[in-house]
Amino acid sequence: MTRTLRLGAVQAEPVWQDLEAAVEKTILLIKEASEKGVHVLGFPEVWITGYPWAIWSRPAVHNAMFAEKYIANSMGRDSPEMKRIQTACKEAQIFVILGYSEREGQSIYITQSFISPAGEILHTRRKIKPTHVERSLWGDGQGDSLTTVVTTPSSQLPLDSPLENMKIGGLNCWENIQPLLRYYCYSQGVQVHVAGWPPFPAHPRDCEIPTPYHNTAEANYRISQNAAMEGQMFVICTTQVLTEKYHELLGLKDLGLFPRTGGAGGFAMIFGPDGSELVEPLPPGEEGILVAEIPDYEQKIRLAKHMCDPVGQYSRPDMLSLRVNPVKAECVTFTSPREMKDVKGVI
């Protein structure tokens with residue numbers, strides 16, 4: 001029996017610096033996706049609580065109070081807010097990869113959580129290397145974040161779900177441009193991949209200040225499309241939108257990076273494993289959920305892989321291979337069981 005898989009890509013504006021309202025909007029989008037029959041829904045990078053363009057547009061010394069509020073509105077992975085989102089996934093019977101700024105203590109990380117239709121967090125990973133000035137705000141992911149793919153547990157799925165034993169993965173923003181990380185992702189057997197992105201200006205020609213091409217929506221759209229072709233996987237390219245009324249908050253007012261009126265920044269798409277576009281795009285400033293209906297998704301992956309499988313018949317491990325250290329580094333380690341016992345006794 002052929003079962004139709006429905007993939008959903010969010011293109012929407014975050015609720016900037018307001019955790020409670022951001023959770024409410026997330027839940028509404030999960031409900032909307034469920035009503036559209038979506039099985040796997042992807043959210044953008046740091047959807048909660050929005051991508052802080054201020055770290056690029058203003059000197060760090062001017063961003064102290066902005067950063068403090070941003071940290072305060074970041075979300076813990078075991079928080080009441082996360083539990084509400086998990087409940088929404090369970091009620092909607094939908095698989096969600098959620099991008100958010102994760103707070104642990106008073107440090108934050110660029111994070112994705114993989115939430116099953118039963119509302120269980122199957123895996124949480126952090127961006128292994130925040131990009132450029134992002135490192136002034138967020139910390140690095142460790143070895144456990146090299147696991148980028150989960151297998152959907154059959155026991156947590158509705159009857160006749162097309163998600164049975166599906167391998168679903170995700171990367172944040174320019175993690176999708178890191179060749180070794182992408183390759184390791186492919187080696188984990190990924191079939192559906194969520195590429196989460198912030199809002200970007202459309203093209204250098206639309207900017208009033210010099211802007212490198214790779215910092216644009218067009219370039220990162222193509223990066224997502226290339227990943228689909230290279231890994232022979234479906235890619236949910238999911239993006240934020242930015243409207244003019246938040247330019248001042250993000251240090252973008254009169255900068256000429258984004259259009260002065262209307263919304264911009266969105267470039268959501270769903271790609272097939274041969275790189276084809278499976279849906280019509282939304283305008284860059286419009287909010288919505290793109291939905292692609294895919295009968296017999298495994299057949300389409302096989303058709304693409306029979307041409308070139310970079311971790312299978314199109315590889316040469318005798319000549320080229322990847323070395324991986326998946327062990328999470330810890331700030332505190334113990335040299336002996338006795339020492340660990342003594343410390344726990346004090347605590």
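Quick note on full-length UniProt numbering: the sequence shown kicks off at 1 and runs consecutively. Ideal Cβ positions, reconstructed from N, Cα and C, are used throughout, including at glycine.
The stretch 65 to 73 and the stretch 85 to 92 do not touch, with fewer than three beta-carbon pairs separated by less than 8 Å. In terms of Cα proximity to residue 75, the closest of 19, 219, 61 is 19. Taking C-beta atoms under 8 Å as the contact rule, residue 165 and residue 152 qualify, at a distance of about 6 Å. Here residue 307 carries a coil assignment [DSSP, helix/strand/coil]. Three or more Cβ pairs closer than 8 Å define a contact, and the stretch 195 to 208 falls short of that threshold against the stretch 177 to 187. With a threshold of 16 other beta carbon atoms within 10 Å, residue 193 meets it and is buried. For residue 295, the enclosing beta strand (DSSP E) has its first and last residue at 288 to 295.
Residue 238 is bridged by DSSP to 196. Considering only 331, 232, 243, the residue with the shortest C-alpha distance to residue 300 is 232. Going by DSSP, residue 104 is part of the beta strand (DSSP E) stretching over 95 to 104.
With respect to residue 8, residue 46 sits apart: the two C-beta atoms are not nearer than 8 Å.
Between residue 289 and residue 29 the beta-carbon gap is near 7 Å, inside 8 Å, which marks them as a contact. By the Cβ rule, the stretch 294 to 311 does not count as touching the stretch 259 to 269, because fewer than three pairs are nearer than 8 Å.
Only residues of its own chain outside the window of five on either side were considered, and among them 167 have a CB closer than 6 Å to the CB of residue 189, listed in chain order. In the three-state scheme derived from DSSP, where H, G and I count as helix and E and B as strand, residue 82 is classed as helix.
The C-beta distance from residue 60 to residue 136 rounds to 5 Å, short enough to fall under 8 Å. Secondary structure of residue 172 (DSSP, three-state): strand. Here the alpha carbons of residue 26 and residue 34 stand approximately 12 Å from one another. Taking the Cα of residue 150 as reference, the smallest distance to any Cα among 97, 227, 129 is reached at 97.
Judged by DSSP in its simplified three-state form, residue 126 adopts strand. If you check the CB distance, residue 10 and residue 49 do not come in under 8 Å. Judged by DSSP in its simplified three-state form, residue 223 adopts helix. Inter-residue distance for residue 296 and residue 225 is about 20 Å (C-alpha atoms, whole angstroms). Counting only residues of its own chain and dropping the five nearest sequence neighbours on each side, residue 213 has a CB closer than 6 Å to the CB of 204, 219. In the DSSP annotation of this structure, the continuous segment of the beta strand (DSSP E) that includes residue 107 starts and ends at 107 to 115. Here DSSP, grouped into helix, strand and coil, assigns residue 180 to helix.
When secondary structure is reduced to three states using DSSP, residue 11 falls in the strand class. Between residue 311 and residue 292, the gap from beta carbon to beta carbon reaches 8 Å or more. In this structure, residue 287 lies away from residue 104, with their beta-carbon atoms at least 8 Å apart.
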